[in-house]
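Protein sequences, first through last, are from chains A, B, C and D. Per UniProt numbering, residue 1 is the first one in the first sequence, and the count goes up by one each step. Per UniProt numbering, residue 1 is the first one in the second sequence, and the count goes up by one each step. Per UniProt numbering, residue 1 is the first one in the third sequence, and the count goes up by one each step. Per UniProt numbering, residue 1 is the first one in the fourth sequence, and the count goes up by one each step. Heads up, the thing below is written out as C-alpha cells.
There are 4 protein chains.
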Amino acid sequence: MTKVKFAVAGLGRIGKIHLENLLQMDQVEVVAVMDPMEECREYARERKIPHIVNTYDELLVVAPFDSVVICSPTDTHADYVEMAAKAGIHVFCEKPLDLSMQRVVEVLKVVKETNIKLMLGFNRRFDKEFRKVHDLVKQGAVGQPHLVKITSRDPGAPPVSYIKQSGGLFLDMTIHDFDMARFVVGKEIEEVYAKGAVLVDPAIGEAGDIDTAVVTLTYTDGTMAVIDNSREAAYGYDQRIEVFGSKGMAQADNNYEDSHRLYTGKGIQGSLPLHFFLERYAAAYKSEMASYVTSLKNGDTMEVDGTDGLRSLQIGLAAIKSLREKRPVKIEEIGN
Amino acid sequence: MTKVKFAVAGLGRIGKIHLENLLQMDQVEVVAVMDPMEECREYARERKIPHIVNTYDELLVVAPFDSVVICSPTDTHADYVEMAAKAGIHVFCEKPLDLSMQRVVEVLKVVKETNIKLMLGFNRRFDKEFRKVHDLVKQGAVGQPHLVKITSRDPGAPPVSYIKQSGGLFLDMTIHDFDMARFVVGKEIEEVYAKGAVLVDPAIGEAGDIDTAVVTLTYTDGTMAVIDNSREAAYGYDQRIEVFGSKGMAQADNNYEDSHRLYTGKGIQGSLPLHFFLERYAAAYKSEMASYVTSLKNGDTMEVDGTDGLRSLQIGLAAIKSLREKRPVKIEEIGN
Amino acid sequence: MTKVKFAVAGLGRIGKIHLENLLQMDQVEVVAVMDPMEECREYARERKIPHIVNTYDELLVVAPFDSVVICSPTDTHADYVEMAAKAGIHVFCEKPLDLSMQRVVEVLKVVKETNIKLMLGFNRRFDKEFRKVHDLVKQGAVGQPHLVKITSRDPGAPPVSYIKQSGGLFLDMTIHDFDMARFVVGKEIEEVYAKGAVLVDPAIGEAGDIDTAVVTLTYTDGTMAVIDNSREAAYGYDQRIEVFGSKGMAQADNNYEDSHRLYTGKGIQGSLPLHFFLERYAAAYKSEMASYVTSLKNGDTMEVDGTDGLRSLQIGLAAIKSLREKRPVKIEEIGN
Amino acid sequence: MTKVKFAVAGLGRIGKIHLENLLQMDQVEVVAVMDPMEECREYARERKIPHIVNTYDELLVVAPFDSVVICSPTDTHADYVEMAAKAGIHVFCEKPLDLSMQRVVEVLKVVKETNIKLMLGFNRRFDKEFRKVHDLVKQGAVGQPHLVKITSRDPGAPPVSYIKQSGGLFLDMTIHDFDMARFVVGKEIEEVYAKGAVLVDPAIGEAGDIDTAVVTLTYTDGTMAVIDNSREAAYGYDQRIEVFGSKGMAQADNNYEDSHRLYTGKGIQGSLPLHFFLERYAAAYKSEMASYVTSLKNGDTMEVDGTDGLRSLQIGLAAIKSLREKRPVKIEEIGN
C-alpha cells in the first residue's frame, strides 16, 4: 500500500489536532510541517516529522508530498491554497478561505483550473450528532423539512483583538451554523434576516461587532431556519440542532462530560456539556480527516468543497448587511 | 364563608373546562350558565346549575352573581365584557378581547371606569413548566436574560373557516407565545420581525394566512426572543421554552403521556407529548381559575389583566404587518 | 341511568381521596359515610353527604347502598368485609385484608359464599407508568420476561408506633411491590429471599423491623425479580420499574414536579420526583375507583381481587421468614 | 525524559487495545511483543515493534524492559506473572490472575517477595461514568451508602466452549461487577447470595453454567449491593450503576451511540447504548494504562492491585457456592 504523503502548514491548536490524527492513520505519511514559531516546530520534532520548516515557501520545496493541510491564520489561506494548487498539491484548508467574496472566487478558479482537490474544514458535518440528524432527514424520517433550529453558543468570547480581524461573529462563529443549515437539509439559502445585540462585553460592541444574535434564514423553497448565538454561555459549549418536518422532528443534544445524575433533597444535578469545540468535536476532527484522506485515495468528490466555503461566506456577508441595514437581505444582493 | 357567585357564558370546549373547575371549588357557587345550544344547556342541567338560559341578556338578569366567565365566540367578547362591567360584574374573559386595537382600548376604558376586575385567559402562565422557568428567571437563576426561545406547534390545523374569522396564526395561536415572551422575563416588546410560509395546507394560504412561522421579537432593552410555530406537528402538541442569560439557561420540556422507555434491538422508544392543549394545560386551567377566584376574594390585582391582552394584540398586529411588508416593525407603529 | 349507591367507611387520608373521586363520578351517588372522628364527619357534612354516622354498624343500616369503600384501620378490614358481604354489599377494601393468612382465607371464603364483588386497593396497578410497562410486556414488546427490577423508596419513615402494628416493612410497604412483581409480568412467585438492615433509624430496629431491604423473588418459571426498599430517600418518593426480557427492556421512571432544566456554571439541575404517594398516585386512585365502579356496573371480574391480596400477603410472610431464618423460603412453606 | 520500556504478551482483542494505547504515550517505548499466532505478530510488525517473538520464554530475554502487559489466555496469567516477577519486571495483568484461590495467593506471595508492582485490569474503574459515581460517593454527596445497584448485561453470550474454561458467568463476567461493588463505595463484602437461571441458551445450562443472575452482596457494615446480569441484552451492552445513601442517590447511565431523538406520530425514538465493551470502555482502557504508567514512573501504589483480584475471585467463588447450595455464603467460607 502506497501511503499518501502529507504536509501540515501551521501547528496551532487545530494544526496539532490534524497532525495527531494524520499520525494515527495507516495510509498516511506526514513528511513535512511548517510553523514560524519555534515551540510548534519543537512539537513536530518530538513526533519525528522528517522535515520541519519555518515558511510556507520552504515547505512547498522541502520534500515531495501529495497534500497539504492548511491551518495557518485566515489571511494566509487564499494565498497558500493557490500556491499549493499551482504546485499540483491537494489541499485541506481550515475555513474560511477568505473574508472577501472576490478573493474566494479567484482562488476557486485556480483550484478548478489546476484540477486539484480542495476540502474545507467544516468539521461539524462530521460530528456524529449532526450527521445522525442529517441522515435521518435524508432518509425522509421527518418528511419534508419545514423548520431548522440551530443553537450555537460558545463558553466565552475570544479576545477583542481576534474579533477585529476575524470578520466578527457572523464570519468566525455563525459561519459554521450557516454551513450546518445548508448541510442538514441539503438546501440553499435565499434570504437572511439578522438581529443582534451586545450583551456579553461592551468592548465587542466598541470593536463594531455583536455578541448575541438571532438569524432567520429562508431557503429557496420558502422553508426557514433560525440560528441563535451567544459568545458566552456560562454553562459551556452549547451546540444543538432540530429539524422539524411534515412527518416529525429530529433533534440532537449536546455531549456531556458524563451521564451521572445526583439526587439529593435539593434537586437533581448532572454534568455540564463538554466545555468547548476541542472536546466536543475531537472525534469529528478525526472523521473529517479520514474522509479527506479516503476521498483523496479513491479520487472521490470531497464531502465539503470550495463551493461550500463560498456559500457560507455569502450568507455571513448577507447577515452583516442585514444587521446594518435592519432588513432582510437576499443572497443575490451579495453577488458571487 | 360567603361563596363567590359565578355565571358562565358559553359552554363550548373551554367553557366546560372552566365550569368543571368552578364546580370543584369550595368558595364558589355557580348560579347561572348561558349557551345558545340545547346540548350545552343539557350539560349544565346534568350538573344541576340553578339557572340555565339561552342569551347573554337573559343571563345578566336571571339571578344576581359577582362574576361572569366569558367563553363565547371571540366577536362577542368585547360587548359582553362591557355589558358585565356596566352591571358591576367582574369578568374572566377568554383571550382575545377583540381583534381590533381600537375596540380593545374602548373596552378597557369601560373596565377602568366601572372599576370592575378583569382577568384574561392566558392559561399558559399557570402551566407548572412555564411558571417554573418564569420563577427561575425572576429569582435571577439565569442572570440577565439575553435570549428567549419559544417553540409552539399544534398537532393539527383548525378548519380554514375558523382561520378566516380568528385573525390568523399570529392572532389565534402565536398570541399565546407573545404573551409568554412578555411574561417569562417580565419585559416589553419593542420590535417584531415575522417570516412565514404555507407548508402544511395550501387552503390556509388561499385564505390569506400562513401555517408555519419564525418570529423574532426585540425587547425594549435590546435583548431578543424567537418563536417558531407550526399548525401541524405530526407528533402532537409541542410547547417548549428556553431562557438564556448571563449566568445560565432555564428550559422546560413538553409533558409526555408517560415516562416509559422501551429498549429493543431497533433502538429506544418513548411516548409522545400530551396530544393537545386540553391534556397539556388541564392543570393550568384549574390553577388559572383558582388564581382568579383568589384575587377576586382578596381584592388583589389580577395576575393577567386587560393590558396583557392589549400588548399581545399589538405584537400580533405588528407581526402581521411585518409579514406583509417584509421588514421589522416597531410596536409603536401599531399605536395604542 | 341508575346511579350506583356508595358508602365510605373511614375518612382518613385515603378515605378522603376515594370520597372526592366518587363525588366526581356521574354514575355514582354517595349516600353515607362513617367515621368515629368528628372532624372527618364535618368534612363529609361540607360535601353534603346525606347520611353521616359514627360506627360501621350504623352505616350498614342507615340507608340502602350497593357498595362500601373500606378505608378504616387495617385491623377492622376483615370484619368489615365479612359484615358487608353478609349484607350482600359489594366491597372495595384498602389493602391488606388482614395480616393473618388464616383470617384472610376465612374472609375470602365468606366473599365467595355470599357472591359479592371484592376489589383490593393495589392502586399502583392503575398508575399510568406501571400500567404502560405491564401493557408492553403483555404485548410481547420485551419478549419472554427474564428479570423484573422494582425500586420503591419512601421519602421518610412512618412513626415507630405505626410500624409496630402494620406488620413492618414487608407487610405495609413492600407488599405493594410484591403485588407489582406479580402484576407486571402476570406470573406467580415461588420463592423469596430477603436481606435487610436498619440504616435509617435505630428505633425501627428496636421495634423489631428493618428499614432497608433487597428482596429476590423467583417466579414459578424460574425467572427472577428483585426489589429494593428504603424507608427514607432524601430526594423523595422513588418508584421505578424495569422489565428485562428476551427481546428488550421496558422501564418507567418517577414522575417529577416539573421538567425544567437549569444550566449554570455549576452543572445542570432539575426538579425532584413528586414527593409522596398522594402526589404520585393521585391519578391512579381516580382510575382505580373508576375501574371498580365500571366492573360493578358491568358485572365484570374485578381487576384486583381477594386472591391478589392473599398472594401478596403470602410473599410478605415468606420475606419475613426468610429474613429471620437467613435463607430462601418457598411460598408453599407459608401455606394457604 | 527516560521512557519506560514495555513488552506486551498476547495480542488478542485486548492486547491490541493496550498496545495501541501504549504506542500513543510519549513516556512509553514498546520494545517487544509476543504472540503464538502469525497474524498477531504481523500486526506488531506493521507497527514496527523492534522485537517480535512466539513465546513468553523468548520474550523475557529478547530485550531488556521494565514492564510487561499480560493479555494471554487466563490459564497462563499466574505463571507469566511469577516469571516476570522473578525477573524483576513490573506487571500489568488482565483479570483474573487465576481461577484458584490457592494459586492466586501463591502468585501474590511471589509478587510481594520480589517487590515488583502489579496492576490488575479492572478497566471499568477507569470509565468516566463509574468513576464519577465513585467520586461523588467519596465526597459524601450521597451521605452514608446504603444500597448499591449494578446492572451488567452483555449483548450476546460467548461460545459455550469459552464458558467451559472461563469459570462461568460469575468468574468471567460478574467478577467485574464484584470489583465495582467494592470500588464504588470502598467497602468489603462479607456475604453473598446468588440466584441464577438458564434463560438465554440451554447449551449454557448443559455446560453447567447459568446465563441470568441476581446476586445480593452484604458489606461488612451490613449495607447491601445487588447485581443483575444477563448474557444477552437484545439492545446491546447495558452497564449502569446506582448508589443510594442517607443523603441521596448517584446514578450513571449507559453511553449511547448518539443523543438524537426522532419524534414522529408513532412515538419518540433514540439510539442504542454503545454495543459492547470495546466501544463503551475504549477511553477507560486508555485511562487505565495511563494510570499504570504514571504509577510506575512515580513509584505510586497501583490503583488496582493483586488484592483486588483476590477479593473479586473470593466473591465469585462464594457466588458459585451460594448458587449450588441455595443459601447465603459468607466470604470467610471461601478462605484466603
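Built from N, CA and C at the ideal position, the CB exists for glycine as well. In this text the structure is predicted, and so the values were computed from the model without any measurement.
Quiz item: With 16 as the cutoff for other CB atoms within 10 Å, does residue 46 of chain D come out buried or exposed?
Solution: Along the fourth sequence, read from residue 1 onward, the residue named residue 46 of chain D stands at position 46. Result: exposed.
Practice problem: Using a Cβ-Cβ cut-off of 8 Å, state whether residue 259 of chain A counts as contacting chain C. | Solution: As a first step, residue 259 of chain A must be located in the first sequence, where it is residue number 259. No, residue 259 of chain A lies away from the interface with chain C (no Cβ there is under 8 Å from its Cβ).
Quiz item: With residue 52 of chain C and residue 30 of chain C assumed to form a contact (beta carbons below 8 Å), what rounded beta-carbon distance in angstroms separates them?
Solution: In the third sequence, residue 52 of chain C corresponds to position 52, counting from 1. In the third sequence, residue 30 of chain C corresponds to position 30, counting from 1. Actually they do not touch by this definition, with Cβ atoms about 11 Å apart.
Quiz prompt | CA nearest to the CA of residue 100 of chain A, picked from A:144, A:317 and A:25 | solution = Your numbering for residue 100 of chain A matches position 100 in the first sequence. The shortest C-alpha separation from residue 100 of chain A is found at A:317.
Practice problem: Could you round the C-beta distance between residue 72 of chain C and residue 80 of chain C to whole angstroms and report it? I think they count as a contact, below 8 Å. | Solution: By 1-based counting over the third sequence, the position of residue 72 of chain C is 72. By 1-based counting over the third sequence, the position of residue 80 of chain C is 80. With 8 Å as the limit, residue 72 of chain C and residue 80 of chain C qualify as a contact, their Cβ atoms being about 6 Å apart.
Quiz item: To the nearest angstrom, how far is it from the Cα of residue 150 of chain A to the Cα of residue 202 of chain C?
Solution: The sequence position of residue 150 of chain A within the first sequence is 150, counting from 1. The sequence position of residue 202 of chain C within the third sequence is 202, counting from 1. Rounded to the nearest angstrom, the two C-alpha atoms are 55 Å apart.
Quiz item: Is it right to say residue 144 of chain D is buried, meaning 16 or more other beta carbons lie within 10 angstroms of its own, or is it exposed?
Solution: On the fourth sequence, position 144 is the one that residue 144 of chain D refers to. Flag for residue 144 of chain D reads exposed.
Quiz item: Assuming residue 177 of chain B contacts residue 198 of chain B under a Cβ cut-off of 8 Å, what Cβ separation, rounded to an integer in Å, is found between them?
Solution: In the second sequence, counting from the first residue as 1, residue 177 of chain B sits at position 177. In the second sequence, counting from the first residue as 1, residue 198 of chain B sits at position 198. Contact flag wrong, Cβ pair sits at about 19 Å.
Quiz item: When Cβ atoms are compared, which residues of the stretch 266-279 of chain B fall closer than 9 Å to chain A?
Solution: none
Self-check item: Listed by chain order, chain B residues near residue 264 of chain D by CB distance under 7 Å
Solution: Looking up residue 264 of chain D in the fourth sequence gives position 264. Here the neighbours are 234 and 235.
Quiz item: What's the C-alpha gap between residue 114 of chain A and residue 241 of chain D?
Solution: In the first sequence, counting from the first residue as 1, residue 114 of chain A sits at position 114. In the fourth sequence, counting from the first residue as 1, residue 241 of chain D sits at position 241. Whole-angstrom Cα-Cα distance: 58 Å.
Quiz prompt | Closest Cα partner of residue 23 of chain B within the set B:5, B:208, B:267 and B:157 | solution = Translated into positions along the second sequence, residue 23 of chain B becomes position 23. Answer by Cα proximity: B:5.
Self-check item: chain B within 8 Å of residue 18 of chain A, Cβ atoms only
Solution: Against the first sequence, residue 18 of chain A aligns to sequence position 18. No, its Cβ sits nowhere closer than 8 Å to a Cβ of chain B.
Exercise. Could you say which of B:299, B:132, B:128 and B:92 lies nearest to residue 119 of chain B if we only look at CA atoms?
Key: Position 119 of the second sequence, counting from 1, holds the residue named residue 119 of chain B. Cα-wise, what sits closest to residue 119 of chain B is B:92.
Quiz item: What number of angstroms, rounded off, separates the C-alpha of residue 220 of chain D from the C-alpha of residue 167 of chain C?
Solution: Walking along the fourth sequence from the start, residue 220 of chain D turns up at place 220. Walking along the third sequence from the start, residue 167 of chain C turns up at place 167. Looking at the two C-alpha atoms, the distance is approximately 28 Å.
Quiz item: Given a threshold of 16 other Cβ atoms within 10 Å of its Cβ, counted over all protein chains shown, does residue 335 of chain D qualify as buried or as exposed?
Solution: Mapped onto the fourth sequence, residue 335 of chain D falls at position 335. With fewer than 16 other Cβ atoms within 10 Å, it is exposed.
Exercise. Can you tell me which of D:170, D:59, D:312 and D:292 puts its alpha carbon nearest to the alpha carbon of residue 208 of chain D?
Key: By 1-based counting over the fourth sequence, the position of residue 208 of chain D is 208. If we check each option's Cα against that of residue 208 of chain D, D:170 comes out closest.
Quiz item: Would residue 192 of chain A pass as a contact of residue 329 of chain A if the rule is Cβ separation under 8 Å?
Solution: By 1-based counting over the first sequence, the position of residue 192 of chain A is 192. By 1-based counting over the first sequence, the position of residue 329 of chain A is 329. Yes, they are a contact pair.
Practice problem: Going by DSSP, name the residue or residues bridged to residue 332 of chain A. | Solution: Counting from 1 along the first sequence, the entry for residue 332 of chain A is found at position 332. Its beta-bridge partners do not exist; DSSP assigns none.
Practice problem: Specify the secondary structure class of residue 256 of chain D as computed by DSSP and reduced to three states. | Solution: Start at 1 with the first residue of the fourth sequence, and residue 256 of chain D comes out as number 256. Note: residue 256 of chain D maps to strand in three-state DSSP.
Quiz item: Taking only beta-carbon atoms, is residue 212 of chain D less than 8 Å away from chain C?
Solution: Against the fourth sequence, residue 212 of chain D aligns to sequence position 212. Taking Cβ atoms only, chain C reaches closer than 8 Å to residue 212 of chain D, which makes this a yes.
Quiz prompt | Anticipated Cβ contact below 8 Å, residue 337 of chain D with residue 128 of chain A, distance rounded | solution = Look at the range of chain D in this structure, 1 to 336, and you will see that residue 337 of chain D is not part of it.
Self-check item: C-beta neighbour in chain B for residue 317 of chain C, strict 8 Å
Solution: Translated into the one-based positions of the third sequence, residue 317 of chain C becomes position 317. Cβ-Cβ to chain B under 8 Å: no for residue 317 of chain C.
Exercise. State the Cα-Cα distance for the pair residue 105 of chain C and residue 97 of chain C, rounded to the nearest angstrom.
Key: Taking the third sequence and counting its residues from 1, one reaches residue 105 of chain C at position 105. Taking the third sequence and counting its residues from 1, one reaches residue 97 of chain C at position 97. So the two alpha carbons sit approximately 10 Å from each other.
Quiz item: Who pairs with residue 228 of chain D in a beta bridge, going by DSSP?
Solution: Numbered from its first residue, the fourth sequence carries residue 228 of chain D at position 228. Per DSSP, D:151 and D:214.
Quiz item: Taking 8 Å as the CB-CB cut-off, is residue 255 of chain A touching chain D?
Solution: Taking the first sequence and counting its residues from 1, one reaches residue 255 of chain A at position 255. So yes, residue 255 of chain A belongs to the interface.
Quiz item: Is DSSP giving residue 67 of chain B helix, strand or coil here?
Solution: Indexing the second sequence from 1 puts residue 67 of chain B at position 67. Three-state DSSP puts residue 67 of chain B in a strand.
Practice problem: Inspect the beta-carbon positions of residue 224 of chain A and residue 326 of chain B and report whether they are closer than 8 Å. | Solution: Residue 224 of chain A sits at position 224 when you count from the first residue of the first sequence. Residue 326 of chain B sits at position 326 when you count from the first residue of the second sequence. Their beta carbons are not under 8 Å apart, which means residue 224 of chain A does not touch residue 326 of chain B by this criterion.
Quiz item: Quick one, are the C-beta atoms of residue 236 of chain B and residue 268 of chain D less than 8 Å apart?
Solution: Locating residue 236 of chain B in the second sequence gives position 236, where the first residue counts as 1. Locating residue 268 of chain D in the fourth sequence gives position 268, where the first residue counts as 1. The answer is no: Cβ separation not under 8 Å.
Practice problem: Mind checking who residue 269 of chain D pairs with in its DSSP beta bridge? | Solution: To locate residue 269 of chain D, count along the fourth sequence from 1; it is residue 269. Looking at the DSSP assignment, residue 269 of chain D forms a beta bridge with B:269 and D:262.
Quiz item: Would residue 85 of chain B pass as a contact of residue 111 of chain B if the rule is Cβ separation under 8 Å?
Solution: Residue 85 of chain B sits at position 85 when you count from the first residue of the second sequence. Residue 111 of chain B sits at position 111 when you count from the first residue of the second sequence. Yes, the pair counts as a contact, with Cβ atoms nearer than the cut-off.
Quiz item: With a CB to CB cut of under 7 Å and the five nearest residues on each side skipped, what residues in its chain are close to residue 185 of chain A?
Solution: For the purposes of this step, residue 185 of chain A is taken as the residue at position 185 of the first sequence. Cβ neighbours of residue 185 of chain A beyond the five flanking positions: 137, 145, 148 and 243.
Self-check item: Interface residues of the UniProt domain "GFO/IDH/MocA-like oxidoreductase" (130-250) of chain A facing chain D [CB-CB below 8 Å]
Solution: 132, 133, 136, 141, 142, 247, 248, 249 and 250
Self-check item: Pairwise C-alpha distance: residue 70 of chain B and residue 77 of chain B
Solution: For the purposes of this step, residue 77 of chain B is taken as the residue at position 77 of the second sequence. For the purposes of this step, residue 70 of chain B is taken as the residue at position 70 of the second sequence. Distance between the alpha carbons of residue 77 of chain B and residue 70 of chain B: 7 Å.
Exercise. State the start and end residues of the unbroken alpha helix (DSSP H) segment that holds residue 85 of chain D.
Key: Here residue 85 of chain D corresponds to residue number 85 of the fourth sequence, with the count starting at 1. Element bounds for residue 85 of chain D: 74-86.
Quiz item: Can you give the beta carbon distance from residue 308 of chain D to residue 179 of chain D, rounded, assuming they're within the 8 Å contact cut?
Solution: For the purposes of this step, residue 308 of chain D is taken as the residue at position 308 of the fourth sequence. For the purposes of this step, residue 179 of chain D is taken as the residue at position 179 of the fourth sequence. Right, the Cβ-Cβ distance comes to about 6 Å (below 8 Å), so this counts as a contact.
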